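Our numbering applies: residue 190 is where the sequence shown begins, and numbers increase by one. Note that beta-carbon positions come from the ideal geometry of N, C-alpha and C, so glycine has one too. Being a predicted model, the structure only gives us computed values, none of them experimental.
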Amino acid sequence: MPTMAALAKMPKMPPMPKLPKTMVGIDMGYDSLKLALCRGSVVRRVASAPMPKNLLREGRVTSPEAMGEFIRQTLRQNGMRHISNAAVVLSNETSYIREVSMPLMSAEQLVINIPYEFNDYITDELKGYVFDYAMLSTPEDMERERLAASEEHAPVMELMLSAVQTGVLDDLKHVMRKAGLKMVKVAPSLCAYISLIRHAETISGSTQPREYCLLDLGFQSIRMYMFRGDRHIVTRVLETGLSVLDTAIADAMDVDTHLAHTYLLTNYEGCQNHESCVNAYNNLAVDLMRALNFYRFSNPDSEVNDVWLCGGGAVIVPLQDVIRETLDMNIHQAATLVPGGDTVTDCYQYIESIGITME
């Protein structure tokens, strides 16, 4: 255990590099590409385009050349020609995140020790991954730890750790070069949510952190993110996503699933209220209720009463109604977490591409 004298000599953590003021946030999803041009916390412009088939597989870009060209064309078609810096959302399938407590140490020591924190999560060779960290402990927290250090109490710090395969990052760099962009930031989607919550907490001025339940109603899966203030508590994943609604509509209206997806989003002939869709809503809501009940059981002090919706399902009103009734919670659009989000068209689908650009 380090002595107080040794702790006092430890080098300070290096300051985080300053990000460019203006960036385009890029979220490459199975269903669509989402772009958000932001300056600081101000959203200047957003754009989306249907994702070409087979450009993504298990969260990875299958053709960096084709994806880069697709992003370049989408930028040009939406008046974002002169953007040079990009912040990219890592898919959940290609990245690992852990929150850990570690002994107080220098940045150099962290670089050596962080990979071993993923031994139980990564079965491949660790040398094939890139690791990074974000400090959750504030400078005040670490100073208190230093002062409280004793033979019985070793000083610790709280960190969020991330890992991603080197090949994934290389592909994304290739994509950005082809798109005419410089990738100045890349992080998991969880970090985008944390940035938005941190901003909301700052604006509220409350001395007590609020509990947040964010539901990402996605095409492939649904994710329930739980936070206390900007501290991530847990993420629950439902492997079933909105694709079950496409299947239900395709069967009911005798069309293929691609056309059924268009019908779903436009509520063609009121298909969102079809009996098969309502049954699917109920099944999804029950699964969400089970996940929420387990969270409350594991966190008996929880008083979470609010849910924020994002992702493609955030505009399906009958689904919202069933979730509200089943969970018995206040339902909000995640756009309320975005500065000026009420002025951003279809803000629900740009939550990650906006949040990833924020400090």
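A direct Cα-Cα distance of roughly 28 Å separates ARG287 from LEU244. Secondary structure of ILE286 (DSSP, three-state): strand. ASP220 and ASN462 have their C-alpha atoms some 22 Å from each other. Closest in alpha carbon position to HIS447, among PHE416, VAL433 and GLU458, is VAL433. DSSP, read as helix, strand or coil, puts VAL444 in coil. Cβ-Cβ distances below 7 Å link ILE303 to PHE320, TYR322 and LEU350 in the same chain, with the five nearest sequence neighbours on each side left out; the list follows chain order.
Taking every protein chain shown into account, the CB of GLN262 has fewer than 16 other CB atoms within 10 angstroms, so this residue is exposed. Assignment of GLN522 by DSSP, reduced to helix, strand and coil, places it in the strand class. In this structure GLU314 is exposed. Its beta-carbon is surrounded by fewer than 16 other beta-carbon atoms within 10 angstroms.
Per DSSP, ASN267 lies in no alpha helix (DSSP H) and is assigned neither H nor E. DSSP, read as helix, strand or coil, puts LEU315 in helix. Counting only the Cα atoms, ASP476 lies some 14 Å from ASP405. Contact between PRO209 and ASN274 is confirmed by a C-beta separation of about 4 Å, below the 8 Å threshold.
For GLN397, the number of other beta carbons within 10 angstroms of its own is below 16, and it is reported as exposed. C-alpha of GLY394 to C-alpha of LYS242: approximately 45 Å in a straight line.
Measuring C-alpha to C-alpha distances from MET372 to each of ALA389, MET212 and GLU548 identifies MET212 as the nearest. By the beta-carbon neighbour count (other beta carbons within 10 angstroms, threshold 16), GLU541 is buried. Annotation: the segment 460-529 contains the following complete segments of the alpha helix (DSSP H) (minimum length 4 residues), in chain order: 464-487 and 506-516. Within 10 angstroms of the beta-carbon of PRO489 lie fewer than 16 other beta-carbons, which makes it exposed. Membership of ARG228 in the beta strand (DSSP E) is indicated by the continuous run 221-228. Proximity of the segment 463-471 to the segment 374-385 falls short of the contact definition, fewer than three beta-carbon pairs being nearer than 8 Å. For the 8 Å CB-CB criterion, SER384 and GLY544 form a contact.
Exposure of HIS271 is indicated by the presence of fewer than 16 other C-beta atoms within 10 angstroms of its C-beta. In the structure shown, ASP419 adopts coil according to DSSP, grouped into three states.
By the CB criterion at 8 Å, SER230 and HIS388 fall inside the cutoff.
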